[in-house]
Amino acid sequence: MGMFKSAYQVLNNEIYAHIPQVGCQACGECCVTPHVTLIEFSYMMDFLLDNPDHLLETLLKVVPYHPDYPGYFKCRFQTADNFCSIYSHRPLACRMHGQPILEKMGMHYHVYCNKIKSVERDLTQEEVYAFLDKTNDLNKGYYPYYTSPYWVSGLNIETWLTILFTDLDRSFFNLLKKILDNNLHLSQLSAYFSQPVPLAQKLSLIEKFQIDFSAGRFENLSVLLDKIQNDFPDTGAYYYFEADLYRNAVLKQMA
Amino acid sequence: MSRIDKTASQPVIGQNVSGAGQQKYVKRSVPKNFTSFDILPVLTVRRLGRSVEKQISAKLNKISR
């Protein structure tokens with residue numbers, strides 16, 4: 263378990279254990295690759311370390327795109343019979359899937375499952391934010407979480423694997439890789455992972471955007487933000503909403 | 032997950048519009064194919080986005096001085 267042992271305990275005992283079960287029909291249609299934080303990603307991978315065959319099979323898998331959600335990969339951990347191969351260690355995003363409170367929290371633009379017939383109990387908005395705050399706090403304890411210029415959040419599993427198994431040539435991402443590797447010791451398996459997402463290209467655009475923004479060169483920022491938001495769907499929601507914050511601030515400034 | 036795209040009636044994502052050769056910013060809507068597995072980034076930005084906003088404001092103030 264390495265250095266995250268206490269974080270895993272908090273994750274499991276204070277967050278995951280309090281999320282009500284939903285009556286999922288296991289149709290498998292909704293399993294796109296979920297967004298996870300560093301601690302959650304590590305928790306999932308740590309689980310695989312106990313089963314080397316499962317680990318290698320997972321890394322070697324070439325994941326197809328989801329037929330219903332353009333730009334989304336299917337989940338790497340979905341089995342042939344539509345079950346989750348890491349169910350006991352699945353992340354917060356999967357545990358929240360199908361919770362009725364999400365629609366009430368103003369996320370009407372998300373696509374929800376209409377096959378879930380029951381939920382153990384309804385969560386409150388306060389509980390959802392408490393789970394999220396606790397998860398964010400856990401991550402803050404191990405690296406400079408959610409800081410400029412990269413605002414690392416919204417990374418899906420494929421993006422975390424890309425960080426772990428490729429060289430992104432950026433100190434911040436090297437740090438993330440080092441933290442993960444110090445805990446998981448998986449870097450020697452990089453040859454088994456053959457499906458990196460184009461995170462380096464996205465980071466180049468983010469860096470260019472930051473340079474232009476800091477220099478007050480606003481004229482091309484909208485084009486850059488569009489590219490950051492739309493050209494790399496494989497990288498999940500990373501920098502999507504942050505790009506909106508920048509866009510809106512510039513809009514306000516120019517008004 | 033529903034095969035029906037509940038977002039179909041949502042506004043189209045704002046794109047750049049050109050007017051008189053000048054690019055203008057258009058406030059974006061959300062992308063139409065987000066799923067509920069995207070809840071973490073959405074809520075994280077709701078929760079932590081203030082630190083981004085503060086930094087943006089500070090930089091913009093510095094630039095406009």
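If you read the sequences in order, they're chains Z and D. So the number in this note's numbering is just where the residue sits in the first sequence, counting from 1, plus 262. So the number in this note's numbering is just where the residue sits in the second sequence, counting from 1, plus 31. All residues carry an ideal CB built from backbone N, CA and C; glycine is no exception.
Query, Result
"Among Q287/Z, K402/Z, Y502/Z, L513/Z, the one whose alpha carbon lies nearest that of V381/Z", "Q287/Z"
"Assumed close pair T295/Z, F345/Z - CB separation to whole angstroms, cut-off 8 Å", "Contact flag wrong, Cβ pair sits at about 16 Å."
"Interface residues of the stretch 72–91 of chain D facing chain Z [CB-CB below 9 Å]", "P72, V73, L74, T75, V76, R77, R78, L79, G80, S82, V83, E84, Q86, I87, S88, K90, L91"
"CB of Y278/Z within 8 Å of CB of G416/Z, strictly", "no"
"C-beta contact flag for L400/Z and V298/Z at 8 Å", "no"
"8 Å Cβ cutoff met for S268/Z and L446/Z", "no"
"Proximal residues to H316/Z (C-beta, below 7 Å), its chain only, five neighbours per side dropped", "L310, S347"
"Same chain, Cβ closer than 8 Å to L364/Z, neighbours up to 5 away in sequence not counted", "M358, H372, Y374, V390"
"Beta-carbon proximity check, L354/Z vs E420/Z, cutoff 8 Å", "no"
"Rounded separation between K58/D and R77/D - CA only", "Caution is warranted here: a pLDDT of 47 is assigned to K58/D, below 50, making its placement in the model unreliable, and the coordinate value is therefore given only provisionally. Going by the C-alpha atoms only, they are around 17 Å apart."
"Opposing strand residues paired with F335/Z [DSSP bridges]", "Y327/Z"
"DSSP-derived helix/strand/coil call for Q457/Z", "coil"
"Exposure of V485/Z, with buried meaning 16 or more beta-carbon neighbours within 10 Å", "exposed"
"Any C-beta of chain D under 8 Å from that of N344/Z", "no"
"CB-CB length for L300/Z against Y454/Z, believed under 8 Å", "About 21 Å separates the two Cβ atoms, so there is no contact after all."
"Beta-carbon proximity of L430/Z to L465/Z, cut-off 8 Å", "yes"
"Contact set between D395/Z and chain D, taken where Cβ atoms lie within less than 8 Å", "R78"
"8 Å Cβ cutoff, K58/D in contact with chain Z", "Legend: pLDDT at K58/D = 47, less than 50; position of this residue unreliable, value from coordinates given subsequently. Answer yes: the Cβ-Cβ gap between K58/D and chain Z drops below 8 Å somewhere."
"For V512/Z: DSSP bridge partner residues", "Note: V512/Z sits in no beta bridge, so no partner."
"CA nearest to the CA of K470/Z, picked from C293/Z, Y404/Z, P411/Z, Y327/Z", "P411/Z"
"Simplified DSSP assignment, three categories, for Q340/Z", "strand"
"Limits of the alpha helix (DSSP H) - the one that K377/Z falls within", "Per DSSP, K377/Z belongs to no alpha helix (DSSP H) and is neither H nor E."
"Contact under 8 Å by Cβ, G333/Z with D488/Z", "no"
"Proximity below 8 Å, CB of T409/Z to CB of V459/Z", "no"
"Chain-order list of residues whose beta-carbon lies under 7 Å from that of W413/Z (same chain, five-residue window excluded)", "Y501, E504"
"D330/Z versus C292/Z, P282/Z, I473/Z, G403/Z, residue with shortest Cα-Cα distance", "C292/Z"
"N418/Z classed as buried or exposed, judged by whether at least 16 other C-beta atoms fall within 10 angstroms", "buried"
"Cutoff 6 Å; reference R509/Z; Cβ partners in own chain excluding five residues on either side", "L487"
"Which of helix, strand or coil DSSP assigns to N444/Z", "helix"
"Beta carbon proximity, N274/Z to chain D, threshold 8 Å", "no"
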